[in-house]
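Following: one structure in structure tokens, then a few remarks.
Protein chains: 2
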Amino acid sequence: MHLETHKQAVVLLSGGLDSATTLAIARDRGFSCHALSFDYGQRHRFELAAARRVATALGAADHRIVRLDLSAEAGFGHSALTDDIAVPKDRDETGKDIPPTYVPARNTIFLSVALGYAEVLGAFDIFIGVNAVDYSGYPDCRPEFIEAFENMANLATAAAVEGKGTFTIHAPLIRMTKGQIIRTGLGLGVDYGLTHSCYDPQPDGAPCGHCDACLLRRAGFKEADATDPVA
Amino acid sequence: MHLETHKQAVVLLSGGLDSATTLAIARDRGFSCHALSFDYGQRHRFELAAARRVATALGAADHRIVRLDLSAEAGFGHSALTDDIAVPKDRDETGKDIPPTYVPARNTIFLSVALGYAEVLGAFDIFIGVNAVDYSGYPDCRPEFIEAFENMANLATAAAVEGKGTFTIHAPLIRMTKGQIIRTGLGLGVDYGLTHSCYDPQPDGAPCGHCDACLLRRAGFKEADATDPVA
Numbered sequence: 163m164h165l166e167t168h169k170q171a172v173v174l175l176s177g178g179l180d181s182a183t184t185l186a187i188a189r190d191r192g193f194s195c196h197a198l199s200f201d202y203g204q205r206h207r208f209e210l211a212a213a214r215r216v217a218t219a220l221g222a223a224d225h226r227i228v229r230l231d232l233s234a235e236a237g238f239g240h241s242a243l244t245d246d247i248a249v250p251k252d253r254d255e256t257g258k259d260i261p262p263t264y265v266p267a268r269n270t271i272f273l274s275v276a277l278g279y280a281e282v283l284g285a286f287d288i289f290i291g292v293n294a295v296d297y298s299g300y301p302d303c304r305p306e307f308i309e310a311f312e313n314m315a316n317l318a319t320a321a322a323v324e325g326k327g328t329f330t331i332h333a334p335l336i337r338m339t340k341g342q343i344i345r346t347g348l349g350l351g352v353d354y355g356l357t358h359s360c361y362d363p364q365p366d367g368a369p370c371g372h373c374d375a376c377l378l379r380r381a382g383f384k385e386a387d388a389t390d391p392v393a
Numbered sequence: 163m164h165l166e167t168h169k170q171a172v173v174l175l176s177g178g179l180d181s182a183t184t185l186a187i188a189r190d191r192g193f194s195c196h197a198l199s200f201d202y203g204q205r206h207r208f209e210l211a212a213a214r215r216v217a218t219a220l221g222a223a224d225h226r227i228v229r230l231d232l233s234a235e236a237g238f239g240h241s242a243l244t245d246d247i248a249v250p251k252d253r254d255e256t257g258k259d260i261p262p263t264y265v266p267a268r269n270t271i272f273l274s275v276a277l278g279y280a281e282v283l284g285a286f287d288i289f290i291g292v293n294a295v296d297y298s299g300y301p302d303c304r305p306e307f308i309e310a311f312e313n314m315a316n317l318a319t320a321a322a323v324e325g326k327g328t329f330t331i332h333a334p335l336i337r338m339t340k341g342q343i344i345r346t347g348l349g350l351g352v353d354y355g356l357t358h359s360c361y362d363p364q365p366d367g368a369p370c371g372h373c374d375a376c377l378l379r380r381a382g383f384k385e386a387d388a389t390d391p392v393a
């Protein structure tokens, strides 16, 4: 019988390029990875199918999709990703305004559920693919947010308070450019053809090519001097 | 036309004694209250019906119940409230162990969703009825947790980062005894006959009388020198 000696980690997996790379990094660091995705009413639900493909391809130990309705009908919304608000196209990325694709407290909510799931599993490591360099102006992608969440997590949970371990929120991409992320992922064997980035896909799932996510992805492959298998 | 000048608040409402009192306090402080409850697979689902009654009786502006499955079937569980684990009975409350009714990261998850909801509403005040005196040993009921969450919330959100306001997590009961909570609520007109506390109710919703929640409630009414309309 093979004795499982890997440390366990919970990896937030959206199905996009960044979280796929993050899963590959967590695996490369020797973690047994429990992938966690959210069905939160996002308009780009193709990403959930992509998350399934990525979890399988990158050898996640398991993959759970948690339903949590953050749509306008549920009283949330207020985001171009979950509400009847236009996704901005061909936006100049140099400005650091917070765009309408911001979903209020999304990463806080996702990390909180990941924290509960980690505690149930007996894991103390949580991976999230946030990025503060090429990021689209989201406050919950910054290092100071991740640090504050980690501090809170170690006061919130029985596992930490009883001294069983200390939670670490890993954000391995946080200071990388999109090109560096793609080069890292390609080096770890990530098949980016399985991922989905577009915020506003065509009915058949094809990327729009003009939203922030498409623009960042295109610039990233260019920087990495690589070809996007999806484009 | 009456001009609405009240500040808005999100109030976490479980349907129990503490959160009902918290809602009454928030109203008394002049807030227009948006009550928020969770259907998370808890075995004591009678509390959701209680939450509806309490929200109406105490004049909440509205009441939303968010579904988020933290049950064992969803991969969570590991708590006597959501899993096939016995609810402890007639436990000695003087010990401060964390009991099996602890739900991993529950208050972190609830506060995170409340934070997102507050940001959508344009509210900066969130009320939660946690208590660190008579509490049952839950780490996420302590002042240091609330403070760490508040700090994180002000780094997580566009509303805070853009300088529109500062989020405050109000925990008005945190240093009260159960008797003080009940006296406060009675003074504000709370009808505790509408509330539900028991973790392990009878099929008809009647309290078991022996779980931590029932024991704390009984001791609280005794301390307050009042009669529990539910008992």
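Quick mapping for you: the protein sequence lines, in order, are chains A and B. With our numbering applied, the first sequence covers 163 to 393. With our numbering applied, the second sequence covers 163 to 393. Ideal placement from N, C-alpha and C gives every residue a C-beta, glycine not left out.
Alpha carbon of residue i to alpha carbon of residue j, nearest angstrom
i: A/H225; j: A/R268; result: 19 angstroms
i: A/A320; j: A/A381; result: 44 angstroms
i: B/S233; j: A/D390; result: 40 angstroms
i: B/A310; j: A/P365; result: 43 angstroms
i: B/G257; j: A/F329; result: Annotation note: pLDDT 49 at B/G257 (below 50); position unreliable, coordinate value reported separately. Cα to Cα, B/G257 sits roughly 26 angstroms from A/F329.
i: A/M163; j: A/K169; result: Reliability fails at A/M163, whose pLDDT of 44 lies under 50, so the model's placement of it is uncertain and the value that follows must be treated cautiously. Cα to Cα, A/M163 sits roughly 18 angstroms from A/K169.
i: A/F200; j: A/A211; result: 11 angstroms
i: B/C376; j: B/L277; result: 30 angstroms
i: B/L165; j: B/A223; result: Summary for B/L165: the model assigns pLDDT 48, below 50, so the residue's position carries little reliability, and this model does not support an answer.
i: A/V173; j: B/V323; result: 26 angstroms
i: A/D231; j: A/V282; result: 22 angstroms
i: A/A186; j: B/Y361; result: 42 angstroms
i: A/R379; j: B/T244; result: 41 angstroms
i: A/G177; j: A/T183; result: 10 angstroms
i: A/Y300; j: A/R253; result: 15 angstroms
i: B/F193; j: A/V352; result: 51 angstroms
i: B/G439; j: B/P363; result: Absent from the structure is residue 439 of chain B, since the part of chain B shown begins at 163 and ends at 393.
i: A/L179; j: A/Y202; result: 19 angstroms
i: A/T220; j: B/E235; result: In the sequence as presented, Thr is not what sits at residue 220 of chain A; that position holds Leu. Rounded to the nearest angstrom, the two C-alpha atoms are 25 angstroms apart.
i: A/G291; j: A/I308; result: 11 angstroms
i: A/P369; j: B/A248; result: 50 angstroms
Under 9 angstroms from the C-beta of residue i: neighbouring residues of chain B
i: A/N313; result: A310, N313 and M314
Selection from the options that minimises the alpha carbon distance to residue i
i: A/A393; options: A/E385, A/G371 and A/D387; result: A/G371
i: B/A171; options: B/L179, B/C195 and B/A182; result: B/C195
i: A/A188; options: A/L335, A/E306 and A/L377; result: A/L335
i: A/V228; options: A/A368, A/L175, A/F311 and A/A222; result: A/L175
i: A/A213; options: A/D231, A/Y264, A/G355 and A/V323; result: A/G355
i: A/D287; options: A/T263, A/L179, A/E235 and A/R191; result: A/R191
i: B/G237; options: A/L210, A/E235, A/A280 and A/N293; result: A/A280
i: A/R215; options: A/H332, A/I343 and A/S181; result: A/S181
i: B/A197; options: B/C360, B/Q204, B/E235 and B/A217; result: B/A217
i: A/G327; options: A/L230, A/R253, A/E235 and A/A285; result: A/A285
i: A/D374; options: A/G203, A/Y264, A/D246 and A/Y202; result: A/Y264
i: A/A246; options: A/Q204, A/D252, A/G325 and A/T183; result: Note on identity: in this sequence residue 246 of chain A is Asp, with Ala being the wrong assignment. Considering only alpha carbons, the answer is A/Q204.
i: A/A294; options: A/G325, A/A248 and A/I343; result: A/I343
Neighbouring residues, chain B, relative to residue i (Cβ below 7 angstroms)
i: A/I271; result: S274, V275 and G278
i: A/Y264; result: A320
Contacts that residue i makes with chain A (C-beta to C-beta distance below 8 angstroms)
i: B/F307; result: M314, L317 and A318
Where residue i meets chain B, residues with beta-carbon distance less than 8 angstroms
i: A/V228; result: L230, D231 and A236
Supposed close pair residue i, residue j - CB separation, criterion 8 angstroms
i: A/F289; j: A/H332; result: 5 angstroms
i: A/P266; j: A/P250; result: Their Cβ separation, rounded to whole angstroms, is 17 angstroms, which puts A/P266 and A/P250 out of contact at 8 angstroms.
i: B/G341; j: B/F208; result: Actually they do not touch by this definition, with Cβ atoms about 24 angstroms apart.
Closer than 7 angstroms at the beta carbon, the chain A residues around residue i
i: B/A267; result: S274, L277, G278, E281, A318 and T319
heavy atom of the ligand HEM below 8 angstroms from residue i C-beta
i: A/P363; result: Of the ligands one can find in the structure shown there are none, so the ligand HEM has no counterpart to examine.
*Are the stretch 273-281 of chain B and the stretch 309-320 of chain B touching by the rule of at least three beta carbon pairs closer than 8 angstroms?*
yes
_Touch test, the stretch 286-304 of chain A against the stretch 323-337 of chain A, Cβ-Cβ under 8 angstroms, three pairs minimum_ = yes
*Is the stretch 379-389 of chain B close to the stretch 344-355 of chain B, with three or more CB pairs under 8 angstroms?*
yes
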